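Presented below is the structure to which this report refers.
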DNA sequence: CATTTTGTTAAATTATTTCTGAACGTTTTT
DNA sequence: AAAAACGTTCAGAAATAATTTAACAAAATG
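Chains as they are written, first to last, in our numbering: chain A, 382 to 567; chain B, 382 to 567.
Structure below.
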């Protein structure tokens with residue numbers, strides 16, 4: 382029954398593949414990109430575009446795009462394979478690194494984007510506040526907005542620091558990876 | 382020039398609205414849902430569906446769905462307004478709470494989903510490993526998968542703890558919200 | 001240097017999602 | 001109790017996004 386056990390393994394992997402793809406979907410990763418990563422996660426050797434194509438039963442351009450998406454969030458790496466002149470790719474197996482890369486880069490980008498928008502907005506609001514001809518209502522509204530944005534700015538700054546401490550691994554000092562389940566340190 | 386200052390304020394808010402909507406999009410929040418939240422963020426009073434409809438220039442069903450999405454991640458709340466029998470909604474202005482609710486619930490869901498998939502998969506893999514008739518190759522593969530899944534499980538457990546410490550606010554002990562920029566504590 | 005291999009881009013098709021007006025069921029008002 | 005107001009569901013239309021085939025450009029081979 383060699384066939385049976387192979388099937389069982391495939392089914393086991395399949396369950397996790399579905400789950401990983403579904404959860405990645407929660408964060409805006411498109412389904413096939415998610416599925417590709419999950420499949421790669423179970424491979425012990427680097428995959429070429431042709432491998433992926435065959436594995437997922439999809440076209441090569443689709444795989445090209447999907448793998449690029451994964452590279453962009455640094456959870457898949459291009460590796461060099463002697464002998465083959467095809468590009469080869471390897472998935473990140475350490476989910477802690479996965480987490481760091483994925484959220485680290487997203488938060489960093491989020492913070493940067495919003496900080497510049499906040500700067501722009503605050504400049505305009507200052508103009509309103511400094512303008513003699515601004516109406517009372519406008520002044521009031523501008524003031525409220527400005528203060529709110531200052532709070533928002535603090536959050537963005539915090540996000541940046543969070544991002545740093547994620548990428549540096551510092552966060553694992555605060556929240557260590559426990560060795561085994563069932564034990565509690567305190 | 383009262384008109385001018387109003388416009389300037391609108392432009393200021395608009396810049397941040399765009400930025401917020403764009404970053405929410407990064408995490409799988411649909412554009413109009415993101416835009417709705419961002420607009421609500423700048424309102425000092427609760428909004429009704431009709432307010433939203435007018436504010437975004439969209440249909441009421443769209444607003445109904447969008448606001449439901451926002452409620453689901455706990456960044457918008459239904460509030461009671463005396464006098465009106467329409468439902469009123471208020472956006473979360475504290476982005477730290479926003480962060481907690483948003484990622485807290487997502488991570489929790491992610492962990493739960495994957496943990497059950499891992500359990501299922503491990504059961505199947507055990508069957509393969511215990512089966513006398515399993516081929517050598519199958520055994521090897523099952524073993525590797527099993528060990529990998531154990532690592533993955535540790536990550537999911539960690540995610541659960543992270544989620545807890547986020548929702549409890551404990552994380553702010555580790556990474557405090559700094560009062561002002563430019564100062565460093567150490 | 002011509003030929004083959006490989007990865008990406010472009011255009012067209014297909015599938016999916018989003019949006020709206022209409023219909024519906026509930027609740028409130030009169 | 002009838003009428004009006006309100007929020008949601010539904011079906012179809014419109015807009016987006018994903019996928020594929022075909023064409024292309026770059027690089028390696030012989």
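All residues carry an ideal CB built from backbone N, CA and C; glycine is no exception.
Keep in mind it's a predicted model, so treat the numbers as computed, not measured.
Residue-level contact to chain B via CB, residue i, 7 Å cutoff
i	result
residue 386 of chain A	yes
residue 501 of chain A	yes
residue 450 of chain A	no
residue 470 of chain A	no
residue 417 of chain A	no
residue 434 of chain A	no
residue 430 of chain A	no
residue 550 of chain A	no
residue 476 of chain A	yes
residue 498 of chain A	yes
residue 483 of chain A	no
residue 545 of chain A	no
Three-state secondary structure assigned by DSSP to residue i
i	result
residue 428 of chain B	strand
residue 467 of chain A	coil
residue 397 of chain B	helix
residue 509 of chain A	helix
residue 462 of chain B	coil
residue 454 of chain A	coil
Among the options, the one whose alpha carbon lies nearest that of residue i
i	options	result
residue 389 of chain A	B:548, B:512, B:530	B:512
residue 544 of chain A	A:492, A:411, A:526, A:467	A:492
residue 445 of chain B	B:465, B:461, B:418, B:462	B:418
residue 480 of chain B	B:503, B:459, B:455, B:500	B:455
residue 524 of chain B	B:507, B:466, B:421	B:507
residue 469 of chain B	B:451, B:439, B:441, B:427	B:427
residue 498 of chain A	B:386, B:385, B:395, B:387	B:395
residue 424 of chain A	B:408, B:522, B:400	B:522
residue 473 of chain B	B:409, B:485, B:451	B:451
residue 467 of chain A	A:505, A:490, A:433	A:433
residue 411 of chain A	A:448, A:552, A:551, A:438	A:448
residue 405 of chain B	B:398, B:415, B:399	B:415
residue 489 of chain A	A:413, A:431, A:539, A:437	A:539
residue 457 of chain A	A:478, A:463, A:438, A:387	A:478
residue 400 of chain B	A:502, A:443, A:520, A:459	A:502
residue 461 of chain B	B:557, B:429, B:548, B:517	B:429
residue 529 of chain B	A:510, A:397, A:409, A:530	A:397
residue 500 of chain B	A:392, A:385, A:463, A:465	A:392
residue 402 of chain B	B:421, B:387, B:386, B:385	B:421
Amino acids of chain A, ordered along the chain, whose beta-carbon sits closer than 9 Å to that of residue i
i	result
residue 559 of chain B	535, 538, 539, 542
Closer than 8 Å at the beta carbon, the chain B residues around residue i
i	result
residue 390 of chain A	505, 506, 509, 519, 522, 523, 526
residue 438 of chain A	Correct list: empty, because the minimum Cβ distance to chain B is about 21 Å.
residue 425 of chain A	525
Contacts of residue i in chain B (Cβ-Cβ under 7 Å)
i	result
residue 404 of chain A	491, 494, 495
residue 515 of chain A	386
residue 455 of chain A	Going along chain B, no residue has its Cβ under 7 Å from residue 455 of chain A, so there is no contact; the nearest lies around 15 Å.
is_contact[residue i, chain A] using C-beta, thresh 7 Å
i	result
residue 397 of chain B	yes
residue 487 of chain B	yes
residue 464 of chain B	no
residue 447 of chain B	no
Closer than 7 Å at the beta carbon, the chain A residues around residue i
i	result
residue 400 of chain B	494, 495, 498
residue 529 of chain B	474
residue 443 of chain B	In chain order: nothing, as chain A lies at least about 20 Å away.
Near the ligand SAH: residue i beta-carbon under 6 Å from a heavy atom
i	result
residue 421 of chain A	In the structure on display, the ligand SAH does not appear, and there are no ligands present to speak of.
Practice problem: Answer yes if the stretch 530-537 of chain A comes into contact with the stretch 526-544 of chain B, meaning at least three C-beta pairs across the two stretches below 8 Å, and no otherwise. | Solution: no
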